[in-house]
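Q:
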DNA sequence: TATGAATGAGAGTTCATTCAT
DNA sequence: AATGAATGAACTCTCATTCAT
């Protein structure tokens, strides 16, 4: 029922609509969370709901698309951080900027994802994994962080820090900085190694979504 | 009519139903979050929805009652931890057990709180604050943790760790343990002090609620 | 299921409760119309809803009982008016005082009555009919009113005037007086007789109820 | 979204549905009063409730729309009556035809009107006032009615007569005619003037509504 | 292809009435 | 006889999704 095999190139107006929808979704998700109505998003984009359904099979898909976009930015951030001279600074920069990206959009860390959207998660993993691994290995080899620290740990750290963004204080960035510092301190080499092992990147990703904030309707 | 003003003694069957409702609510909240419908809760409890409304003025009240219960347990945990010999062990025990409590019930960390229910939050703060302060001061004075660590930091740490509970791994407790250890390492005395300052306990509490997972209907 | 054949004499406390319920009903109906809940009435009376159901088979019965009471007063008013010296003054007095009774209680003229309650209507008719007839005949014979005026016309006149009570003016009685006077002027002997004929008293009574203001629930 | 802001041209099927809804509403309001449920109206119209909500923001809006329609007809009637040769006949025609309109639809005289809908009431007054004034002044100047009769009196007269429509007789029009005649007789010039003064038109209008027959839910 | 319109399946809440103590 | 508690059937309104133009 969906446009079987979208041609690579959309008609100009269709592409414009798609973009308008994604932008609207990003704005509204960021402002009001995932519970905004598709009607609202369509209205914000200046198109009809049905048009939204021509571009996205359902609300999940639109959310996924909105996130995918953010994720592209995240990959970029990681790559830039990996290009830094100092391994330790690179790590910090990666965490800080990714965090900023996440907290800009509340949808990004209380998000969704059931079943089918999974593919983009995997593609994310493919792209993210090598650069984050590199970022971390560099730091490990330079003796800046504990040797048992794994890429998955960084993902969890980001998730945990994103949580801090919900605390209503006057200076959110300062608060984030405080707990980032706390975690960084914990990551430093130590005599007592961390127990257990990090989750795999795909497990971390599966957590991010975690279906929070979806209306019951979508849980089914 | 409301929860608070209930007569001292309920009739046997009413008490049974009330208990069944709270248990059902706890189970479903824990399993599916706060977005479960009252119909579902009532069904799970084996009573009619209207019965739920006899016991709780509205959905908020039921949620509040369910949480209040958990919170009593949390206070107890903190008190027991404060009774421990070793300050460091006490801190660990407090964090571990509170965390277990929180992860048992997903409602507890994506919870709510609109308007009038606010009173119990404050009562929680009143009861929790002194014992947690004591717990932390002891550890600080014993030189076990950084001197700039404040009670609010423990609250944030709990929130962050609760997030970890959402990561879908085979051994959730092991994962929690890993990141608890990471945070504990970060809390140890250090030459580079943490920047900024901790949020006040009431800010931390206000974050816990954060209206996540409430059905849009209840957001109003 | 109802107390089959209530003994003439109720137990003292039962009688007290019945009275309390009727009084409460009268107060609340007068103040808020027939849409008040039985729970509210019971609460106002200081008893439980179930007690209300012991005394009255359903809400209709309570309403009926509440009205019956008013109607007894109406009969009394008619009898006193019939005892007046001047026929014309008697008529006026009857209309004025009955009107006052009706407007005191908004339930009385936007009231109800489905099926079974009908018996009291008939008993009302039996008692009211002769005295009103007498009141009117006297006035007709004295040449004070048109000869084609019938008892039913007075009923209709009362209904119409009661409507006036709903107009929100500073001086409701003055307004009533104005239209009473208008109707009285119309009732005076005239060369052009009124067309048609008056409804029978029972038709007038059936109109009074007229099921206005009953919640859909009761319409069934 | 609301009625008022509808695009000039509805699509054919939407217009059909809108019409069906208004017709159904008119039928059911006329037959059972304003307490009918939207579900019932939608069912009668052969559409889903949600469709009703697409056309009318809520029950109030539907009621208002239904009445507005009737009111347009009422203004037309008044204008035609004002165009009559004979002042007295014009007055009679106005009352008779308006009455017929009102009794056709019981919603019209036990109607409502909360808050924002108020504008149409005022617009009604603006349109109705001048023509009714003219109608009455003509008759007064021609010596056909008492000189103290005011426009507001006609409004009250209509309300009172509409009440008569509730009396369940074989020939309702004949009954109405009888009491119309009674009131007309009372309006004729007389030596004893009417006491008090007429309510203002807006007071009369405020009475028409009077929130009768609205389901408790809507009373809020 | 994009739109306006329609829809079914709830969600939260209320109330007349009945059951069990 | 009176109560506390329970209930089922509504009622208003919403939303993700599909149909028809």
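Protein chains in written order, with my numbering: chain A, 1 to 220; chain B, 1001 to 1220; chain C, 2001 to 2220; chain D, 3001 to 3220. Every residue, glycine too, gets a C-beta built ideally from N, C-alpha and C. No experiment lies behind these values; they were computed from the predicted model shown.
Rounded to whole angstroms, what's the CA-CA distance from residue 17 of chain A to residue 1132 of chain B? Just pull it up for me.
A: Looking at the two C-alpha atoms, the distance is approximately 54 Å.
Q: For residue 51 of chain A, which residues in the same chain have their Cβ closer than 7 Å to its Cβ, ignoring the five residues on either side in sequence?
A: For residue 51 of chain A, where only same-chain residues beyond five positions count, the Cβ hits under 7 Å are 17 and 42.
Q: Could you tell me whether the Cβ atoms of residue 140 of chain A and residue 147 of chain A are closer together than 8 Å?
A: Yes, the Cβ-Cβ distance between residue 140 of chain A and residue 147 of chain A is below 8 Å.
Q: Going by DSSP, what residue range makes up the alpha helix (DSSP H) through residue 181 of chain A?
A: That run of the alpha helix (DSSP H) goes 172–187.
Q: Can you tell me whether DSSP reads residue 236 of chain A as helix, strand or coil?
A: For chain A, the structure presents residues 1 to 220; residue 236 of chain A sits outside this window and is missing.
Q: Specify whether the region 72–86 of chain A and the region 35–49 of chain A touch according to this definition: at least 3 beta carbon pairs, one from each stretch, less than 8 Å apart.
A: Short answer: they don't touch.
Q: Note down, in chain order, all residues in the region 1178–1192 of chain B with a beta-carbon under 8 Å from any beta-carbon belonging to chain A.
A: Of all residues in the region 1178–1192 of chain B, 1178, 1179, 1181, 1182, 1183, 1184, 1185, 1186, 1187, 1188, 1190 and 1192 have a Cβ within less than 8 Å of some Cβ in chain A.
Q: Comparing alpha-carbon positions, which option in A:125, A:185, A:167 and A:67 lies nearest residue 101 of chain A?
A: Of A:125, A:185, A:167 and A:67, the residue nearest in Cα terms is A:67.
Q: If you draw a straight line from the alpha carbon of residue 3095 of chain D to that of residue 2126 of chain C, how long is it in whole angstroms?
A: Taking the straight line from one Cα to the other gives about 35 Å.
Q: Identify the continuous alpha helix (DSSP H) that holds residue 3094 of chain D and give its terminal residues.
A: 3087–3104 is the span of the alpha helix (DSSP H), which, as asked, contains residue 3094 of chain D.
Q: What residues of chain B sit near residue 163 of chain A, judged by a beta carbon separation below 7 Å?
A: Residues of chain B passing the Cβ test: 1159, 1160 and 1163.
Q: Report yes if the C-beta distance between residue 1152 of chain B and residue 1199 of chain B is below 8 Å; otherwise report no.
A: Result yes, Cβ atoms of residue 1152 of chain B and residue 1199 of chain B sit closer than 8 Å.
Q: Considering Cα atoms alone, identify which of C:2173, C:2171, C:2195 and C:2180 is closest to residue 3181 of chain D.
A: For the residues C:2173, C:2171, C:2195 and C:2180, the minimum Cα distance to residue 3181 of chain D belongs to C:2195.
Q: Leaving aside the five residues before and after residue 2084 of chain C along the sequence, list all residues of the same chain whose C-beta is less than 7 Å from its C-beta, in chain order.
A: Result list for residue 2084 of chain C: 2090 and 2093, in chain order.
Q: Just the chain B side, please: which residues come within less than 8 Å of residue 196 of chain A by C-beta, in chain order?
A: Within 8 Å Cβ-Cβ: 1171, 1174, 1175, 1177 and 1178.
Q: Taking 8 Å as the CB-CB limit, is residue 3199 of chain D close to chain C?
A: It does; some Cβ of chain C falls within 8 Å.
Q: Quick one: grab the DSSP three-state call for residue 198 of chain A.
A: Residue state, collapsed to three classes: coil.
Q: Among the residues of its own chain, which have a CB less than 8 Å from the CB of residue 3134 of chain D, if the five just before and after it don't count?
A: Here the set comprises 3082.
Q: On the CB-based measure, 16 or more other CB atoms within 10 Å of its CB, does residue 1159 of chain B come out buried or exposed?
A: Looking at its Cβ environment, which holds 16 or more other Cβ atoms inside 10 Å, residue 1159 of chain B is buried.
Q: Using 10 angstroms around the beta-carbon of residue 2178 of chain C, count the other beta-carbons present and answer buried if the total reaches 16, otherwise exposed.
A: Classification of residue 2178 of chain C: buried, given that the 10 Å Cβ count is 16 or more.
Q: Ignore the nearest five residues each way along the sequence and tell me which others in residue 1157 of chain B's own chain have a CB closer than 6 Å to its CB.
A: If we look at residue 1157 of chain B and ignore the five residues flanking it on each side, its Cβ neighbours are 1183.
Q: For the alpha helix (DSSP H) that contains residue 2044 of chain C, what are its first and last residues?
A: Residue 2044 of chain C -> alpha helix (DSSP H) spans 2038–2045.
Q: According to DSSP, simplified to helix, strand and coil, what is residue 1112 of chain B?
A: Residue placement at residue 1112 of chain B is flagged as unreliable, the pLDDT there being 32, under the threshold of 50; a coordinate-derived value is accordingly withheld.
Q: Use the C-beta contact count for residue 1166 of chain B: other C-beta atoms within 10 angstroms, 16 or more gives buried, fewer gives exposed.
A: Answer is buried; the Cβ neighbour count reaches 16.
Q: Strictly under 8 Å for the Cβ-Cβ distance: is residue 3168 of chain D near chain C by that measure?
A: Judged by the 8 Å Cβ criterion, residue 3168 of chain D is in contact with chain C.
Q: Name the residue from A:97, A:69, A:62 and A:203 whose alpha carbon lies nearest to the alpha carbon of residue 173 of chain A.
A: Considering only alpha carbons, the answer is A:97.
Q: To the nearest angstrom, how far is the alpha carbon of residue 1211 of chain B from that of residue 53 of chain A?
A: Per-residue confidence for residue 1211 of chain B stands at a pLDDT of 37, beneath the threshold of 50, marking its modelled position as unreliable; no derived number is given.
Q: How would you label residue 1193 of chain B, buried or exposed, when you count the other beta carbons within 10 angstroms and need 16 or more for buried?
A: Classification for residue 1193 of chain B: exposed.
Q: Mind checking residue 201 of chain A: buried by the 16 CB within 10 Å criterion, or exposed?
A: Buried, because 16 or more other Cβ atoms sit within 10 Å of the Cβ of residue 201 of chain A.
Q: Can you check whether the C-beta of residue 1203 of chain B is within less than 8 Å of a C-beta belonging to chain A?
A: Output row for residue 1203 of chain B: interface = yes.
Q: Apart from the five residues on each side of it in sequence, which residues of its chain come closer than 7 Å, Cβ to Cβ, to residue 1149 of chain B?
A: Taken in chain order, the residues that qualify are 1136, 1140 and 1187.
Q: Using beta carbons (cut-off 8 Å, strictly below), is residue 3113 of chain D in contact with chain C?
A: Confidence in residue 3113 of chain D is poor, its pLDDT being 34 and thus under 50, which makes the residue's placement unreliable; the coordinate value appears in the next sentence. So no, residue 3113 of chain D is outside the interface.
Q: Please report whether the beta-carbon of residue 156 of chain A lies at a distance below 8 Å from any beta-carbon of chain B.
A: Residue 156 of chain A counts as touching chain B.
Q: Below 6 Å CB to CB, which residues in the same chain sit around residue 1142 of chain B once its five sequence neighbours on both sides are set aside?
A: So the list reads 1087, once near-sequence residues are dropped.
Q: I'd like the list of long-range same chain contacts for residue 1203 of chain B, defined as Cβ closer than 8 Å, with 5 residues on each side in sequence excluded.
A: If we look at residue 1203 of chain B and ignore the five residues flanking it on each side, its Cβ neighbours are 1152.
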